[in-house]
Amino acid sequence: MIQSVIKGLLLGIMLSFSTIYALNVDSLKREIAIQVEEGRPLALIKSYEVLGRHYYAESMYEDALICYHKGLELANSLEDNKKAFFFMHYLGAMYYYPKDDYQKSLDYLLRAESLAERTGIPSEDVTQNYVKLAEVYNTKGDFEDAVRYQLEALRLAEQNKDTMNLALGARILGVIYWSQKQYKQALQNFQVSEKLHEYLLKILPADDPRARENATNYYTTLASMSVSYLSLDSLDDARPYIQRSKDLADSLNHKYGAAYSEALTGNLFEKLKQYDEALVHLNKANKMFEELHLRRERALFSIKVAEIQKNRKEMEIAHATLDEAEAIAKELESHILIRDIYKVRSEIYDEQQAIGVAYHYFKSYIQIRDSLLDEERLITLAEIETRTEVREKEQEIANLEEETANDRRLIFLIGLTIVFLFLGIFVFLVQQRNNTLKELNQVLEIKNREIQRQNERLASSNEDLRQFAHVTSHDLREPLRNIGSFASLLKRRYVGKIDSEADEFIDFIVSGVDQMDKLLSDLLAYSVVGIFQHEFEKVNINEVITLIIENLNREKATAGAKISLHDLPSIQANRKQMIQLFHHLIDNSIKFRKDESPQISIRAEKRGSYYLFSVEDNGIGMEEAYQDKIFGLFLRLHTKKSKYKGTGIGLSICKKIVEQHKGKIWIDSKLGDGTTVYFTLPKDPNSVSSEEKIPAKYRKWEKVTIS
């Protein structure tokens, strides 16, 4: 229903504006020539304003700039502060978009601000100037200035009940959140902006000059909501907003909007992994941006094109795409664009096994990201977001107090009995109590939002640490391989040619390099677990273990072990990680064997929504004191010179895999009498709540025996 109403209103707006902008440009130019000749500067200023607006609406930006510059020159000569402010503001807005000259944009906007402080410029115009300043500073990555101006713009808009600028302010606040990668908070602000713009569509007459401006801003809000849903991977929600923004851009003949909606369609196909279709839309959008001389947007969506080229293994083409985007980003001094370019570069170099270069770009990405995002900034945003609510609440309280005072005067004048007086006091106390509870709830809500943001940032930091470990492990193995190669060469050429002590030293080097290589290999395997999002599938555990046994037999690494399987289930899990898990456990049972042949029994029993697995052997066992520590990283119970070789990482990997599948793992063992490793795995990790309780003392879980 609301969409049909909005479409009708937009049609009326377009019909009205087709009349307004269908002016005779040649006639107006002749009129300007007459005004110049006759020396009528006041009329000339108005003509430059009308003609400039017309050129801007027709995307004739260079002609619009000429008109605004001439208008500003005349306004300054006449000391017409209001008109001078207008021309400064619109020049600042045009140098931001479509010119992408942020420094010139700031120069004119700040001159307009300075003029407003010295003269009596209407606060509605000042509010728009503050909103534009916040937008420019945020695009440059100057977060503090963006927040400062946005806060002042919201204050003025609230004070003047200025719905248009409140809608703009909510959107810019959402943009600031989005640039900080706080997508949920960004979406909440965009939704507020959407409602305000729809309200203005209903109440603004079609011939009101603000109607088209509101419709254009409404398009930008719809596009911003599309971007937020895409960032949150809510593709079903993003799709209708992309279509709505495209329809609105077409109805307004909004060339920028048409290009941007085309790019959003490409982003949607990229999320769906339909890369060919995505490239068609993104390349079409970039061509449209190039025709409009919009460098920032071209750089922004070129980064997305490079990501697709990386996924298609077109690495050199992706580098060339990023080279062009990086040149634009550095020229525009856009830290946000440079941050995203460095991230994609790091991923491409990592895929190309150029680990050192990948690490360099990854560090640069982290430095820029951290300079743009910190906790104090997010807290400042929370304060801005709640300021409006707090002021409204204070006004409600003031109104309530005034009403209560009037009631008291009325009671006194008409001489109500003491009973009614007590009743009035009682009602007042109840209202005060309710107000206090509301304020407490509001404080709790703010705190909960802060905790949520901290959790999201912690998750991002953990992801970066895992990637850092992954890159570092790769980086360390390269010089180690060189040492190993030269040590082996020394051994082949000079063994027996120097003395027995030198031969022993060379053996130490070769052995140490081999041990270090195994250690780094296991560390790399440990760091990889959990870096990438693995989809769960149905895995038959019997088939997994059969595959492991076949590989061990092929490598002659079973040492004559007898491995028995007992009714093992099929579960939803990551197949590769299940192979890792059972391979480490079976390998440990074979490695830490006694003189007799290894006997290994693998069982499982259903316990509620979990399966309880056990891997039991007849090996050397361990003392009970070590059973709670054995899963620690690099922990080994035997010296390097013992016959039991290893790095102490295998069980750490097992623990990480089990916990990633929302399970737990522990050991029951006795020195000299074998070991049993117990662990739980849910039938389907996606259907198990992370808060589901599992008994803390696992060894006492019905005296963990599996038959």
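Note that our numbering has the sequence shown beginning at 1367, numbered continuously upward. Note that the Cβ used here is the ideal one computed from N, Cα and C, for glycine as well. Computed from a prediction, not measured in an experiment: that's the story for all the values here.
- Non-local C-beta neighbours of Leu1703 in its own chain, meaning closer than 6 Å and more than five positions away in sequence, comprise Ala1665, Ala1695, ordered along the chain.
- With respect to the 8 Å criterion, Ser1700 and Gly1405 are not classified as neighbours on the basis of their beta carbons.
- The C-beta distance from Gly1535 to Gln1516 rounds to 6 Å, short enough to meet the 8 Å contact threshold.
- DSSP places Ser1967 in the strand class (E or B) of the three-state scheme.
- Distance from the CA of Leu1457 to the CA of Ala1478, rounded to the nearest whole angstrom, comes to 10 Å.
- Ranked by Cα distance from Gln1494, the first of Gln1797, Asp1616, Met1530, Ser1877 is Met1530.
- Pairwise C-beta distances place the segment 1564-1573 out of contact with the segment 1608-1626, as fewer than three of them are shorter than 8 Å.
- Within a 10 Å sphere around the beta-carbon of Ile1411 sit 16 or more other beta-carbons, which makes this residue buried.
- Looking at the backbone, the Cα of Ile1398 and that of Asn1619 are separated by about 28 Å.
- Two segments are said to touch when three or more pairs of C-beta atoms, one from each, lie closer than 8 Å; by this definition the segment 1424-1438 does not touch the segment 1623-1638.
- Inter-residue distance for Val1593 and Asn1984 is about 59 Å (C-alpha atoms, whole angstroms).
- A residue is called buried once 16 or more other Cβ atoms fall within 10 Å of its Cβ, and Ile1400, having fewer, is exposed.
- Around the C-beta of Asp1599, fewer than 16 other C-beta atoms lie within 10 Å, and the residue is accordingly described as exposed.
- For Lys1639, the number of other beta carbons within 10 angstroms of its own is below 16, and it is reported as exposed.
- Within a 10 Å sphere around the beta-carbon of Asp1716 sit 16 or more other beta-carbons, which makes this residue buried.
- Between His1950 and Ile2019, the beta carbon gap of about 6 Å places them in contact (Cβ cut-off 8 Å).
- Distance between Glu1982 and Trp2032, taken at the CA atoms: about 12 Å.
- DSSP places Phe1667 in the uninterrupted alpha helix (DSSP H) bounded by 1661-1677.
- Sixteen is the threshold: when 16 or more other Cβ atoms of the shown chains lie within 10 Å of the Cβ of Glu1663, as they do, the residue is buried.
- Closest by C-alpha distance to Glu1564, out of Ala1572, Lys1547, Thr1687, Tyr1584, is Tyr1584.
- Nearest to Lys1448 by C-alpha distance, out of Met1426, Asp1466, Arg1484, Tyr1462, is Arg1484.
- In its chain, beyond the 5 residues on either side, Ser1930, Glu1982 have a beta carbon closer than 6 Å to the beta carbon of Ser1967.
- Following the DSSP letters along the chain, one finds Ala1615 in no beta strand (DSSP E) but inside the alpha helix (DSSP H) bounded by residues 1601-1618.
- Residue state for Lys1729 is assigned as helix, using DSSP reduced to three classes.
- The straight-line gap separating the alpha-carbon atoms of Glu1524 and Leu1532 is approximately 7 Å.
- For His1932, the enclosing beta strand (DSSP E) has its first and last residue at 1928-1932.
- Its Cα nearest to that of Leu2037, the residue Phe1958 stands out among Phe1958, Thr1586, Ser1980.
- If you look at Phe1509, you'll find it in the alpha helix (DSSP H) that goes 1509-1525.
- When DSSP states are grouped into helix, strand and coil, Thr1631 belongs to the helix group.
- Apart from sequence neighbours up to five positions away, the residues of its chain that approach Leu1634 with a beta-carbon distance below 7 Å are Leu1596, Leu1601, Ala1604, Arg1605, Ile1608, ordered along the chain.
- When secondary structure is reduced to three states using DSSP, Glu1680 falls in the coil class, being assigned neither helix nor strand.
- Using a Cβ distance threshold of 8 Å, Ile1714 and Glu1692 do not count as a contacting pair.
- In the three-state reduction of the DSSP assignment, Gln1548 falls in the coil class.
- When only Cα atoms are considered, Lys1470 and Leu1417 end up about 22 Å apart.
- Annotated three-state conformation of Gln1554 is helix, per DSSP.
- DSSP places Tyr1977 inside the beta strand (DSSP E), whose first and last residues are 1976-1983.
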